[in-house]
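Trainee: Got a structure here, written out as structure tokens. Questions coming.
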Amino acid sequence: MKIIRCIISFAIWLPPPFSGNKTLPFLFNGGIKLILKSGLGIIAKLLKYENYAMSLKKKYTNHEDWYLFNLSVAKKSQNQGIASKLLRPMLEVCDSGQFVCYLETNKEANVPMYEHFGFELAYQGVIPGTTVNHYAMVRKKRKMN
């Protein structure tokens, strides 16, 4: 019997001047299924969160940033350097172009990891109308040596 180990991990970076999800791509990439499963009330919640998150992003970067939209490493594959392999190449590109990077997380435990990669905590709060924590992080432009 041959055992195949599958590591599920990915990083999604969105280029400047990203200022929010667009309706049609959202609908075609799982949004319709989410609405059908969760009900129409989910639309108002998603829009409220989107407006909140993008207002913070605009405040700290004016949307002139590379936005780390999603970083995911399967639980069983964490603490093996995979996040580093996913982040470092793009951070080098951003450094060479002197771009700001921006991300958000809802897990306090993620903050030190992102700080390790040069991100600074710009804002910590609670998403309005929820009990969900929100951490906005910025990695400033870096001068190349």
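Those letters in the sequence shown? Residues 0 to 144, per our numbering, in order. Glycine is no exception: its CB is placed at the ideal position from the N, C-alpha and C atoms.
#1: Could you please give the first and the last residue of the uninterrupted alpha helix (DSSP H) stretch that includes His133?
#2: Would Phe98 be called buried (16 or more neighbouring beta carbons within 10 Å of its own) or exposed?
#3: Inspect the beta-carbon positions of Glu149 and Gly19 and report whether they are closer than 9 Å.
#4: Taking Asp64 as the reference, give the member of Ser71, Lys56, Leu70 with the closest Cα.
#5: Would you decide whether Ala135 is buried or exposed? Buried here means 16 or more other CB atoms lie within 10 Å of its CB.
#6: Quick check on this structure: which residue in Lys58, Phe116, Glu103, Tyr66 has the alpha carbon closest to the alpha carbon of Lys84?
#7: Pull up the DSSP beta-bridge partners for Asn69, would you.
Mentor: According to the structure data:
#1: His133 -> not in any alpha helix (DSSP H); beta strand (DSSP E) instead, spanning 132 to 138.
#2: Phe98 is buried by the Cβ-count criterion.
#3: Here the chain comprises residues numbered 0 to 144, so residue 149 is not present and cannot be evaluated.
#4: Measuring from the Cα of Asp64, the nearest candidate turns out to be Lys56.
#5: With 16 or more Cβ atoms within 10 Å of its Cβ, Ala135 is classed as buried.
#6: Ranking Lys58, Phe116, Glu103, Tyr66 by CA distance to the CA of Lys84 puts Phe116 first.
#7: Within the DSSP bridge table, the entry for Asn69 names Ile11 as partners.
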